[in-house]
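S.K.:
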Amino acid sequence: MISDTMTDARQLLLEKLWSQEPVLHAVPEEDLFRQLRREYLLKPVIFIGSGTCGLGAGAGKTLQAVQQYIMEKEIDADIVQVGCIGMCSAEPLLDVQLPGRNRLCFQKVTADKVNPLLDSVWNGEPVEADILGQFRGDSAGEWDSVPYLDEHPFFAHQTRVVLKNCGIIDPVSIKEYIAHGGYQSLLKVLHTCKPFEVCNKVEISGLRGRGGGGFPTGRKWKFANQTQADQKYLICNADEGDPGAFMDRAVIEGDPHRLIEGMAIAAYGIGASKGYVYIRAEYPLAIQRLRIAMTHARQYGLLGKDIAGTGFDFDIIIKMGAGAFVCGEETALMHSIEGKRGMPRPRPPFPAVSGLFGKPTVINNVETLANLPGLLEKGEEWFSSMGTATSKGTKVFALSGKISRTGLVEIPMGTKLRDIIYTIAGGVRNGKKFKAVQIGGPSGGCITEANLDIEIDYESLIRAGAMMGSGGLVVMDEDTCMVDVAKFFMDFIQRESCGKCIPCREGTRRMLEILESITSKPVNTGNQPLTRFRGIIQLEKLGKVIRETSLCGLGQTAPNPVLSTLRWFRDEYESHIYERKCPAGVCTDLRTFRIDVDKCTGCTVCSKKCPTGAIIGAKKTAHFIIEEKCIGCGSCEEACKFGAIFIRE
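Position in the sequence shown (first residue = 1) + 56 = the numbering used here.
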């Protein structure tokens with residue numbers, strides 16, 4: 057058992073190592089920790105980026121090729137599977153570190169590249185074309201003419217607090233985590249702070265919930281801390297359901313011990329003895345690594361009964377969800393844990409007073425909890441020094457869409473959106489013109505080029521018609537139809553509505569019907585033309601009613617994608633309704649194709665590809681399209697080798 061004065065997690069690690077491997081007594085303490093941090097190597101180490109994104113890009117085959125290589129060459133080397141370092145567009149990522157040299161990071165290392173790449177490293181002349189950069193090392197030897205990874209535009213403007221270890225350390229090794237300073241904050245808090253003091257430190261830091269609403273974390277904790285109960289609960293919301301969001305998954309896959317430490321700190325602050333991680337079952341790798349990390353934490357006395365001899369009891373249960381978007385709402389999430397249907401309930405009472413099983417409960421998302429180890433290690437003043445007046449610290453964003461560099465980034469609050477898109481993400485692909493960025497997922501909204509210079513914080517995004525949300529950021533270019541985007545998100549929201557309250561259940565369905573009507577082939581019969589003309593007015597009225605009368609936060613924000621695109625791209629809606637055309641040429645029912653008779657050779661390929669027989673014409677003579685039969689699928693345009701078929705403007 058550890059004494060009250062022994063607050064160093066490194067000492068805890070040493071005691072565990074010595075009890076399991078007595079031979080390590082002979083290794084000087086500092087040398088041991090240098091080895092665990094891989095500052096001092098006895099043999100080469102090959103790191104494979106084996107997060108879900110890396111595996112999707114082929115990292116599994118890369119791993120097999122590496123294993124085959126070292127077996128055939130009879131090389132004594134360690135292979136370590138790490139999480140995602142963030143630059144998903146460069147996957148599969150492979151790092152090599154030789155004794156006495158800096159760690160090298162290589163990009164897009166598919167299985168066929170492994171042998172020549174590793175040969176070049178062993179020969180001391182790595183292939184420059186494949187190098188992403190080298191890591192900095194205090195004592196390791198530099199590679200000549202190889203840029204540092206932290207100078208790459210993708211990483212240079214980041215401040216990594218939550219993502220500090222992701223892609224760097226072995227995610228299932230508690231030894232590596234502790235060697236990098238892990239669990240120091242937890243033991244410091246347990247030995248030197250009272251629970252309410254922890255809540256106070258977090259409140260002073262300015263940390264706000266990273267799950268969407270942005271409620272002050274410390275204030276929420278104080279409500280639960282001051283509520284008397286025989287049992288309190290802490291819930292980590294890892295039910296990441298937004299299209300384009302993958303932050304929580306990457307954090308758990310790459311650094312699960314950081315989440316465990318953050319949960320233990322939060323539980324101590326509010327007085328909870330049991331915690332739940334509510335995570336979607338579609339994240340099997342994250343669940344696997346989290347389970348391994350929890351097992352190791354229990355073995356080291358950092359989870360369970362009497363943590364570190366302080367009398368504090370806390371353990372975690374993993375609860376897998378079935379992928380229902382509504383279970384991201386905290387009251388629906390609690391119903392799901394209780395074994396009930398995931399449906400929201402009215403508030404008050406708020407969960408901090410009466411939550412899971414009627415007991416005081418605090419719900420925070422993965423990023424919020426993963427901020428705590430760094431916050432309490434360096435202090436609340438350090439944390440509050442980053443960001444804006446009302447939004448402190450950093451924010452993790454998942455960058456996707458039509459940009460050059462997709463992936464996961466962590467930037468200080470107050471960073472301009474333009475800097476994220478054009479500097480970190482490398483701008484829009486293929487020289488296309490930027491059109492908008494959807495931020496905050498289905499509950500968020502669009503930001504146009506006119507607002508790209510806003511500083512990212514909770515309030516500025518709301519003023520621009522969007523919201524922070526969990527951090528999904530999808531970039532769209534000139535080829536994107538904003539009405540189609542609104543229809544996509546409304547279809548998602550309508551399908552995911554729990555159906556409990558009428559405004560959300562019926563209102564979103566009616567909004568989707570209007571969007572489908574104005575993007576479908578016009579029919580000049582009955583009241584259809586009038587319905588199309590009334591579409592914009594009805595969308596705005598419906599959106600406001602749904603926002604004001606829905607039961608939960610998800611319903612209240614459901615109209616945001618439509619209202620946001622209406623606000624900034626009203627002309628596109630009017631083109632769909634009045635001119636019956638899609639300016640971006642995306643809505644197939646509104647596309648009208650024409651054949652340039654001067655270019656058409658009468659080869660008949662287009663007519664053979666047309667699924668509706670809308671193209672007529674004799675062989676070796678110009679063909680024509682019957683507009684009434686054309687469904688706008690574009691098969692003819694793709695098939696034509698002479699560029700004779702085009703969309704009529």
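No residue lacks a Cβ here, since even glycine has one placed at the ideal position from N, Cα and C.
Throw me the rounded Cβ distance for the Arg314 and Pro468 pair, which I believe falls under 8 angstroms.
M.R.: That belief does not hold up - the Cβ atoms of Arg314 and Pro468 are roughly 19 angstroms apart, past 8 angstroms.
S.K.: Give me the Cα-Cα distance between Gly487 and Phe453, rounded to the nearest whole angstrom.
M.R.: When rounded, the distance between both Cα atoms is 23 angstroms.
S.K.: Can you grab the Cα-Cα spacing for the pair Gln76 / Tyr356, in whole Å?
M.R.: Roughly 12 angstroms separates the two Cα atoms.
S.K.: So who's on the other strand from Val452, going by DSSP bridges?
M.R.: DSSP, once it has assigned bridges, lists Glu466 as partnering Val452.
S.K.: Got a sec, what are the start and stop residues for the beta strand (DSSP E) Gly105 sits in?
M.R.: Here the beta strand (DSSP E) through Gly105 covers 101-105.
S.K.: In the structure shown, what three-state DSSP assignment does Lys664 receive?
M.R.: Here Lys664 sits in helix by DSSP.
S.K.: What does DSSP give as the partner residues of Arg336 in its beta bridges?
M.R.: Gly377, per the DSSP bridge assignment.
S.K.: Ala212 CB to nearest chain B CB: under 7 angstroms?
M.R.: Here chain B cannot be found, since the structure has a single protein chain.
S.K.: Who are the Cβ neighbours of Met57 in its own chain at under 6 angstroms, not counting the five residues just before and after it?
M.R.: Any reading at Met57 must be qualified, since the residue scores a pLDDT of 34, below 50, and its modelled position is unreliable; the value itself is stated next. Cβ neighbours of Met57 beyond the five flanking positions: Gly365.
S.K.: In angstroms, rounded to a whole number, what distance separates the CA positions of Leu616 and Phe625?
M.R.: Looking at the sequence provided, one finds Asn at residue 616 rather than Leu. Cα to Cα, Asn616 sits roughly 13 angstroms from Phe625.
S.K.: Can you tell me the Cα-Cα spacing of Leu473 and Val122, whole angstroms?
M.R.: The alpha-carbon atoms of Leu473 and Val122 are separated by roughly 39 angstroms.
S.K.: Determine the extent of the beta strand (DSSP E) in which Gln190 is found, giving its start and end residues.
M.R.: Note, Gln190: beta strand (DSSP E), 187-190.
S.K.: What is the rounded straight-line gap between the Cα of Glu515 and the Cα of Pro559?
M.R.: So the two alpha carbons sit approximately 26 angstroms from each other.
S.K.: Which stretch, first to last residue, makes up the alpha helix (DSSP H) that contains Gly609?
M.R.: Per DSSP, Gly609 belongs to the alpha helix (DSSP H) from 609-613.
S.K.: When the Cα of Leu646 is compared with those of Asp540, Pro405, Lys664, which residue comes out closest?
M.R.: Looking at the Cα atoms, Asp540 is the closest of the given residues.
S.K.: Applying the criterion that 16 or more other CB atoms from any shown protein chain within 10 Å of the CB defines a buried residue, is Gln190 buried or exposed?
M.R.: With 16 or more other Cβ atoms within 10 Å, it is buried.
S.K.: So, under 8 angstroms CB-CB, Thr564 and Ala614 are touching, yes? Tell me the CB distance rounded to an integer number of Å.
M.R.: The Cβ separation is near 5 angstroms, so the contact holds.
S.K.: Between Phe698 and Thr668, is the Cβ-Cβ spacing less than 7 angstroms?
M.R.: Result no, Cβ atoms of Phe698 and Thr668 do not sit closer than 7 angstroms.
S.K.: My understanding is that Leu346 touches Ile308, with C-beta atoms under 8 angstroms, so please give their C-beta distance in whole angstroms.
M.R.: Contact flag correct, Cβ pair sits at about 5 angstroms.
S.K.: Among residues of its own chain, excluding the 5 on either side of Pro578, which ones have a beta-carbon nearer than 6 angstroms to its beta-carbon?
M.R.: Here the set comprises Arg636.
S.K.: Mind checking whether Leu464 and Ala306 have CB atoms under 7 angstroms apart?
M.R.: It is a contact, given that the beta carbons lie within the stated cut-off.
S.K.: Could you check how far apart the C-beta atoms of Asp295 and Ser526 are, in whole angstroms? I think they sit under 8 angstroms.
M.R.: About 10 angstroms separates the two Cβ atoms, so there is no contact after all.
S.K.: Please classify Gln240 as buried or exposed, where buried requires at least 16 other C-beta atoms within 10 Å of its C-beta.
M.R.: Counting Cβ neighbours within 10 Å, Gln240 comes out buried, since at least 16 surround it.
S.K.: Count the other CB atoms, across all protein chains shown, that sit within 10 Å of the CB of His81; report buried if there are 16 or more and exposed otherwise.
M.R.: Counting Cβ neighbours within 10 Å, His81 comes out exposed, since fewer than 16 surround it.
S.K.: To the nearest angstrom, how far is it from the Cα of Lys288 to the Cα of Trp438?
M.R.: C-alpha separation (whole angstroms): 30 angstroms.
S.K.: Is Gln124 buried or exposed, if buried means 16 or more other CB atoms sit within 10 Å of its CB?
M.R.: So Gln124 ends up on the exposed side.
S.K.: Between the stretch 497-505 and the stretch 594-604, are three or more C-beta pairs nearer than 8 angstroms?
M.R.: They do not touch, by the three-pair rule.
S.K.: Buried or exposed, going by whether 16 or more other CB atoms sit within 10 Å of the CB of Asp734?
M.R.: Since the first residue of the chain shown is 57 and the last is 705, residue 734 is not available in this structure.
S.K.: Do you know offhand how far Phe100's Cα is from Gly114's?
M.R.: Reading off the sequence, residue 100 comes out as Pro, not Phe. Roughly 23 angstroms separates the two Cα atoms.
S.K.: Do you know whose CA, among Ala408, Glu207, Tyr634, Leu242, lies nearest Met319's CA?
M.R.: Among Ala408, Glu207, Tyr634, Leu242, the Cα nearest to that of Met319 is on Leu242.
S.K.: Would you mind reading off the limits of the beta strand (DSSP E) that contains Thr417?
M.R.: Start and end: 417-421.
S.K.: How do the stretch 261-272 and the stretch 387-395 stand: do at least 3 beta-carbon pairs fall below 8 angstroms, yes or no?
M.R.: No: the two stretches stay apart, fewer than three of their Cβ pairs being nearer than 8 angstroms.
S.K.: Let me confirm a value: Thr536 is counted as buried when at least 16 other C-beta atoms fall within 10 Å, else exposed. Which label applies?
M.R.: It is buried - the Cβ of Thr536 has at least 16 other Cβ atoms within 10 Å.
S.K.: When you compare the CB positions of Pro251 and Gly327, do they come within less than 7 angstroms of one another, or not?
M.R.: Yes.
S.K.: Met390: buried (16+ other C-beta within 10 angstroms of its C-beta) or exposed?
M.R.: Label assigned to Met390: buried.
S.K.: Apart from the five residues on each side of it in sequence, which residues of its chain come closer than 6 angstroms, Cβ to Cβ, to His208?
M.R.: Result list for His208: Gly189, in chain order.
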